[in-house]
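Protein chains in written order, with our numbering: chain S, 1 to 103; chain L, 104 to 472.
The beta carbon of each residue, even a glycine, is placed where N, CA and C say it ideally should be.
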């Protein structure tokens, strides 16, 4: 529940100003960045992600610490599952790839 | 020490443990409560209590959102699935929480349209994909999670999505801390303040703990070293007779919190006059409800909600464990009728619940009698 996943901002969504593409250990998903609108957020910045929202801007060192902590707590797989589970950035009707089951 | 090799810097861990031993008065008992489920999980996972002197006791407070949710709220939420147009969505943590007639997962197996989502925005997306259905998002969580629901509500209103609503169970840790401090069977010396909750609310709201109750509170990170350093900071305050709010997790937690998150909460939610917490009873102004401006997206206004109240199974002592009056293993059902595979009480459901954490990682240290 309190999972916070560190991700790096790859690019901002041009069509939807609320969203940015983040990269977490090679997996890319869009997250909502409304809660960081007071921050001078830039490409390459690290953020902590919680339930689809970037919650805090953090340093690269802290991002690595956090990834390591998730692994130590045995929550790294769960975190990647959560990230891969975000669908809201994929447009309203992303076709489900074959083999992927409905939630 | 089983996990000590994994610590990032074992030398710093040993130094912090030494400092704790140096600061502790052997003739005194210290009771420190953490009120964040992530802290509870980390404390058990890293067996941090093994590094503490026996007279320093950590009490695992009500920091796990599914653990403090009364069973009646789960039943109230699930009652909406009786309407065949409803798609009931919630986070994975809630899926296994027992209701009187089964958990959301069991109801799903029984044919109800219950779906797990990873973000409230995915529930909103589901509503747009299914205009002939009504999507209810069963929202749960402390101040960490509530802003996400708030932004989702705001989006539902802005884009005007009519077939979406929130069943709001968001609760706030600050009124719970006050209720614990006011509880007569509770004698605590200090608090480890929550990490991610504080990224949203900042450190100021904890001022009353120091000012009115004279107890130190230190907002902490989640690394083993963070938690030990926070305990050092608490013990220093106690030794010097100070009671202050301190921020050990300043690398993430701003003193004033997250402005946009606080504004989103203020725009979409009101305080409920009171709300029931499992184990703590009714606490005034401790939970959020969807405000008037967003009434169309409030499931409790749109659907008849029975308002079910269920007393916890008598034998289960979740309330006592939540308040730290009993240790998990002192509950009669612990590890017998109640296990993570078949939880009777909510403390056994989530990895952040004290019972599940104790069950999963065991304890090599017996409670200080």
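Closer than 8 angstroms, CB to CB, is residue i near chain S or not?
| i | result |
| --- | --- |
| residue 362/L | yes |
| residue 137/L | no |
| residue 512/L | Summary: the structure shown does not reach residue 512/L, with chain L confined to residues 104 through 472, and so no result is reported for it. |
| residue 107/L | Residue confidence is low: residue 107/L scores 44 on pLDDT, short of 50, so the model does not pin down where it sits. No coordinate-derived value is stated. |
| residue 274/L | no |
| residue 148/L | yes |
| residue 450/L | no |
| residue 254/L | yes |
| residue 299/L | yes |
What did DSSP end up calling residue i once you bin it into helix, strand or coil?
| i | result |
| --- | --- |
| residue 169/L | helix |
| residue 463/L | helix |
| residue 427/L | coil |
| residue 243/L | strand |
| residue 192/L | strand |
| residue 48/S | strand |
| residue 4/S | coil |
| residue 219/L | strand |
| residue 380/L | strand |
| residue 139/L | coil |
| residue 54/S | strand |
| residue 458/L | helix |
| residue 447/L | coil |
| residue 85/L | With chain L covering 104 to 472 only, the question about residue 85/L has no answer from this structure. |
| residue 474/L | In the structure as shown, chain L starts at 104 and stops at 472, and residue 474/L therefore has no counterpart that could be examined. |
| residue 293/L | strand |
| residue 413/L | coil |
| residue 370/L | helix |
| residue 23/S | strand |
Report yes if the C-beta distance between residue i and residue j is below 8 angstroms; otherwise report no.
| i | j | result |
| --- | --- | --- |
| residue 135/L | residue 293/L | yes |
| residue 120/L | residue 331/L | yes |
| residue 255/L | residue 223/L | yes |
| residue 159/L | residue 200/L | no |
| residue 165/L | residue 425/L | yes |
| residue 296/L | residue 357/L | no |
| residue 311/L | residue 402/L | no |
| residue 202/L | residue 177/L | yes |
| residue 327/L | residue 117/L | no |
| residue 185/L | residue 455/L | no |
| residue 66/S | residue 3/S | no |
| residue 313/L | residue 343/L | no |
| residue 258/L | residue 229/L | no |
| residue 169/L | residue 457/L | no |
| residue 35/S | residue 443/L | no |
Can you check whether the C-beta of residue i is within less than 8 angstroms of a C-beta belonging to chain L?
| i | result |
| --- | --- |
| residue 7/S | no |
| residue 103/S | Bear in mind that a pLDDT of 46 at residue 103/S, under 50, signals an unreliable position, so the number given afterwards is only what the model happens to contain. Taking Cβ atoms only, chain L reaches closer than 8 angstroms to residue 103/S, which makes this a yes. |
| residue 15/S | no |
Chain S partners of residue i, CB-CB under 8 angstroms?
| i | result |
| --- | --- |
| residue 354/L | 58, 59 and 62 |
| residue 302/L | 48, 55 and 56 |
| residue 225/L | 52, 85, 86, 87 and 88 |
What residues of chain L sit near residue i, judged by a beta carbon separation below 8 angstroms?
| i | result |
| --- | --- |
| residue 37/S | 363 |
For residue i, tell me which candidate among the options has the shortest Cα-Cα distance.
| i | options | result |
| --- | --- | --- |
| residue 290/L | 272/L, 391/L, 427/L and 344/L | 427/L |
| residue 8/S | 50/S, 51/S, 34/S and 63/S | 63/S |
| residue 395/L | 382/L, 414/L and 371/L | 371/L |
| residue 125/L | 217/L, 170/L, 335/L and 369/L | 335/L |
| residue 524/L | 344/L, 341/L and 360/L | Past the boundaries of the shown model lies residue 524/L; chain L is included only from 104 to 472, so the question cannot be answered. |
| residue 397/L | 204/L, 253/L, 240/L and 183/L | 253/L |
| residue 33/S | 50/S, 79/S, 74/S and 67/S | 50/S |
| residue 410/L | 369/L, 345/L, 174/L and 260/L | 174/L |
| residue 445/L | 194/L, 131/L, 205/L and 161/L | 205/L |
| residue 493/L | 301/L, 195/L and 313/L | Because chain L is modelled from 104 through 472, residue 493/L falls outside the range shown and cannot be assessed. |
| residue 278/L | 230/L, 287/L and 385/L | 385/L |
| residue 265/L | 373/L, 236/L and 432/L | 236/L |
| residue 154/L | 373/L, 123/L and 320/L | 123/L |
| residue 412/L | 429/L, 438/L, 379/L and 383/L | 379/L |
| residue 54/S | 76/S, 15/S, 74/S and 83/S | 83/S |
| residue 317/L | 284/L, 307/L, 214/L and 211/L | 284/L |
| residue 42/S | 17/S, 10/S, 23/S and 60/S | 10/S |
| residue 213/L | 354/L, 231/L, 181/L and 221/L | 181/L |
List the residues of chain S that residue i touches, going by C-beta distances under 7 angstroms, in chain order.
| i | result |
| --- | --- |
| residue 145/L | 73 |
| residue 326/L | 65 and 69 |
| residue 222/L | 51, 52, 86 and 88 |
Below 7 angstroms on C-beta distance, what does residue i contact in chain L?
| i | result |
| --- | --- |
| residue 82/S | 221 |
Under 9 angstroms Cβ-Cβ, which residues of chain S neighbour residue i?
| i | result |
| --- | --- |
| residue 251/L | 32, 35, 50, 51, 52, 53 and 55 |
At 7 angstroms on the CB atoms, spell out the chain A contacts of residue i, in chain order.
| i | result |
| --- | --- |
| residue 4/S | Looking at the structure shown, chain A is missing, and the protein chains on hand are S and L. |
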